[in-house]
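Colleague:
Residue numbers (this note's numbering): 403 to 880.
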């Protein structure tokens, strides 16, 4: 039995569930025993009082390490790494303590929150799920944004991704980024790249961003600019990428939305990414929502999507970091490597981990915050389950009927409901909702759902994916 399987077997025990529930029980300040132990584990400068106070939990942690066969190096890498690493581990442990070990795993809070800071944008992208352009509605004030950061940190959300619109056009972007870093989040910024001067890149690095991703959809200016709605912006985006690479302090990725328009040049775009010195390539799997509904006819066929997965797997096998939003990546696991939703790895643990973290993460390990504080299960799924101006995120996470429907893959229809890769994948819930208006419908983008794709091809032109508001749970702010 290898290390991941030993950990899996250990975590499935009822006694361990109760232990984790106790270790991760929060105080009013948001602390827990496991978090305090990790903060002092292996530290030589801990006071005698600290050693006495945490001595027994430290011994317990060492016992768990030995029972699971986990190496000392791995434990030290996690607990002595960034606060986000420790927060994510507490989050996962608390999820097992609350819900048990389940496939797919339900966490105690989102592992990733995608925050669309503003509707403001200097482009008019044809596929924009936010329908961004000019500001509309009353966006969260800075004081409200800072309170949201406090709430996410209290609930042990480890990763925060700023998006938009164009996040750099938000008047509150820099103070929000500064405070997010102070609260210990791992911070990503998704941008169209046109505003990434050398000065802006330097400020991003100095203010605390960890990863910056620039969207480019073609190797040539004409196609990219036509898709993005403005002329001359391909050069600006490429220049932004070059500035990021030249600075060298930020992880840098190139994101590409793959449609029938640019499918044939996917490998060329990957080659361009590598030639630019960019280390990460991220594929956004097109979902016809927002303005994207108007170009639903350029969605990939299931056969094209499967070929896209093969291209990505080939790149991964060469050691190049390839990530993507297609949940079908979660079933591309082999004993030698694995692609999972929003991540890629060749670590030996990934075939096991994919059973728990693979596939669609909507409402299960991620949430999206909209500019006005609305909460949706993901950026591509326009179902509003509450608003952070009036609702507590913890109550939404635990009580929303929509989120529990998304987490229960036994409710899935079509081949998604019987697929052997159901726990690894689950199909794209946003695509199912976009085409059929039903969160549990078959994902017509998968090669195993030919009948659902045929229904899409014969659709009458109805638009089922308008924004829907669900009744929020009890526990609103006073």
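The C-beta atom is built at its ideal place from N, Cα and C for all residues, glycine as well.
Report, in whole angstroms, the separation of the C-beta atoms of residue 765 and residue 779, which I expect to be a contact under 8 Å.
Modeller: Taking the first residue of the chain shown as position 1, residue 765 is located at position 363. Taking the first residue of the chain shown as position 1, residue 779 is located at position 377. Indeed, because the Cβ distance is near 4 Å, the residues count as touching under 8 Å.
Colleague: Skipping 5 residues on each side, what residues in its chain have a beta carbon closer than 6 Å to that of residue 849?
Modeller: As a working note, residue 849 is residue 447 in the chain shown. Counting only Cβ-Cβ distances below 6 Å, and skipping sequence neighbours, we find 704, 708.
Colleague: Is the beta carbon of residue 649 closer than 8 Å to that of residue 603?
Modeller: Numbered from its first residue, the chain shown carries residue 603 at position 201. Numbered from its first residue, the chain shown carries residue 649 at position 247. It is a contact, given that the beta carbons lie within the stated cut-off.
Colleague: Along the chain, where does the beta strand (DSSP E) that runs through residue 564 open and close?
Modeller: Within the chain shown, residue 564 is the residue found at index 162, counting from 1. It spans 561-565 - the beta strand (DSSP E) in which residue 564 sits, taken as one unbroken run.
Colleague: Among 829, 795, 798, which has the Cα closest to the Cα of residue 810?
Modeller: Reading the chain shown from its first residue, position 408 is the one you call residue 810. The shortest C-alpha separation from residue 810 is found at 829.
Colleague: Start and end of the beta strand (DSSP E) containing residue 578?
Modeller: The residue given as residue 578 occupies position 176 in the chain shown. Here residue 578 belongs to no beta strand (DSSP E); instead the alpha helix (DSSP H) covers 575-584.
Colleague: Could you check how far apart the C-beta atoms of residue 611 and residue 579 are, in whole angstroms? I think they sit under 8 Å.
Modeller: Locating residue 611 in the chain shown gives position 209, counting from the first residue. Locating residue 579 in the chain shown gives position 177, counting from the first residue. Correct: roughly 7 Å between the Cβ atoms.
Colleague: Helix or strand or just coil, what does DSSP make of residue 686?
Modeller: Counting from one through the chain shown, the residue named residue 686 turns up at place 284. If DSSP states are grouped into helix, strand and coil, residue 686 belongs with the strands.
Colleague: What does the alpha-carbon distance come out to for the pair residue 626 and residue 667?
Modeller: Along the chain shown, read from residue 1 onward, the residue named residue 626 stands at position 224. Along the chain shown, read from residue 1 onward, the residue named residue 667 stands at position 265. Computed Cα separation, rounded: 12 Å.
Colleague: So, helix, strand or coil for residue 821, using DSSP?
Modeller: Position 419 of the chain shown, counting from 1, holds the residue named residue 821. Three-state result, residue 821: coil.
Colleague: I'd like the list of long-range same chain contacts for residue 855, defined as Cβ closer than 7 Å, with 5 residues on each side in sequence excluded.
Modeller: To locate residue 855, count along the chain shown from 1; it is residue 453. The residues are 704, 846.
Colleague: Does the Cβ-Cβ distance between residue 614 and residue 562 come in under 8 Å?
Modeller: Residue 614 sits at position 212 when you count from the first residue of the chain shown. Residue 562 sits at position 160 when you count from the first residue of the chain shown. No, they are not a contact pair.
Colleague: What first and last residue would you give for the alpha helix (DSSP H) that runs through residue 719?
Modeller: The count along the chain shown starts at 1 and reaches residue 719 at position 317. That run of the alpha helix (DSSP H) goes 704-719.
Colleague: Please report the straight-line C-alpha distance between residue 347 and residue 557, rounded to a whole angstrom.
Modeller: No answer is possible for residue 347: the residues shown for the chain start at 403 and end at 880.
Colleague: I'd like the list of long-range same chain contacts for residue 503, defined as Cβ closer than 8 Å, with 5 residues on each side in sequence excluded.
Modeller: Here residue 503 corresponds to residue number 101 of the chain shown, with the count starting at 1. Closer than 8 Å at Cβ, skipping near neighbours: 410, 413, 414, 419, 758.
Colleague: Would you mind reading off the limits of the alpha helix (DSSP H) that contains residue 695?
Modeller: Counted from its first residue, the chain shown places residue 695 at position 293. Element bounds for residue 695: n/a, residue is neither H nor E.
Colleague: Using the three-state DSSP reduction, which class does residue 568 fall into: helix, strand or coil?
Modeller: Within the chain shown, the letter at position 166 stands for residue 568. Three-state result, residue 568: coil.
Colleague: Spell out a yes or no on whether the stretch 540-548 and the stretch 769-779 are touching, meaning 3 or more CB-CB pairs, one atom from each, closer than 8 Å.
Modeller: Contact between the stretch 540-548 and the stretch 769-779 is present, because at least three Cβ pairs lie under 8 Å.
Colleague: First and last residue of the alpha helix (DSSP H) that includes residue 609?
Modeller: Position 207 of the chain shown, counting from 1, holds the residue named residue 609. Residues 600-609.
Colleague: For a quick check, are the C-beta atoms of residue 826 and residue 760 less than 8 Å apart?
Modeller: As a position in the chain shown, residue 826 is number 424, starting the count at 1. As a position in the chain shown, residue 760 is number 358, starting the count at 1. The answer is yes: Cβ separation under 8 Å.
Colleague: Taking residue 776 as part of the beta strand (DSSP E), name the residues at either end of that continuous run.
Modeller: On the chain shown, residue 776 is found 374 positions in, with the first residue counted as 1. Where residue 776 is concerned, the enclosing beta strand (DSSP E) stretches over 776-778.
Colleague: Quick check on this structure: which residue in 593, 669, 695 has the alpha carbon closest to the alpha carbon of residue 712?
Modeller: For the purposes of this step, residue 712 is taken as residue 310 along the chain shown, with counting starting at 1. Of the listed residues, the one whose Cα sits closest to residue 712 is 669.
Colleague: Please confirm if residue 572 has its CB atom under 8 Å from at least one CB of chain D.
Modeller: Chain labels in this structure do not include chain D; a single protein chain is all it has.
Colleague: Using a Cβ-Cβ cut-off of 6 Å (strictly less than) and excluding sequence neighbours within five positions of residue 866, which residues of its own chain qualify?
Modeller: Within the chain shown, the letter at position 464 stands for residue 866. Below a pLDDT of 50, predicted positions are generally treated as unreliable, and residue 866, at 48, falls in that range; the measurement from the model is reported next regardless. Same-chain partners within the cutoff: 839.
Colleague: Do the CB positions of residue 531 and residue 631 come within less than 8 Å of each other?
Modeller: One-based indexing of the chain shown puts residue 531 at position 129. One-based indexing of the chain shown puts residue 631 at position 229. No, they are not a contact pair.
Colleague: Restricting to Cα atoms, I'd like to know which of 721, 699, 633 is closest to residue 861.
Modeller: Looking up residue 861 in the chain shown gives position 459. Residue 699 is the option with its Cα nearest to residue 861.
Colleague: Residues bridged to residue 517 by DSSP?
Modeller: Here residue 517 is taken as the residue at index 115 of the chain shown, counted from 1. Residue 517 is bridged to 564, 771.
Colleague: Out of 798, 853, 576, state which residue places its alpha-carbon closest to the alpha-carbon of residue 815.
Modeller: As a position in the chain shown, residue 815 is number 413, starting the count at 1. That would be 853, whose Cα lies nearest to the Cα of residue 815.
Colleague: Just list the residues that DSSP pairs residue 615 with in beta bridges.
Modeller: Residue 615 sits at position 213 when you count from the first residue of the chain shown. 592, 655.
Colleague: Throw me the rounded Cβ distance for the residue 559 and residue 511 pair, which I believe falls under 8 Å.
Modeller: Stepping through the chain shown from its first residue, residue 559 is reached at position 157. Stepping through the chain shown from its first residue, residue 511 is reached at position 109. That belief holds up - the Cβ atoms of residue 559 and residue 511 are roughly 5 Å apart, short of 8 Å.
Colleague: When the Cα of residue 638 is compared with those of 564, 587, 804, 600, which residue comes out closest?
Modeller: Position 236 of the chain shown holds residue 638. Answer by Cα proximity: 600.
Colleague: Helix, strand or coil, according to DSSP, for residue 783 in the structure here?
Modeller: Looking up residue 783 in the chain shown gives position 381. It is a strand residue.
Colleague: From the DSSP output, which residues share a beta bridge with residue 723?
Modeller: Residue mapping note: residue 723 aligns to position 321 of the chain shown, counting from 1. Answer is 682.
Colleague: How long is the line joining the alpha carbons of residue 390 and residue 439, rounded to whole angstroms?
Modeller: Only positions 403 to 880 of the chain appear in the structure, and residue 390 is not among them; the question remains open.
Colleague: According to DSSP, is residue 547 helix, strand or coil?
Modeller: Taking the first residue of the chain shown as 1, we reach residue 547 at position 145. Three-state DSSP puts residue 547 in a helix.
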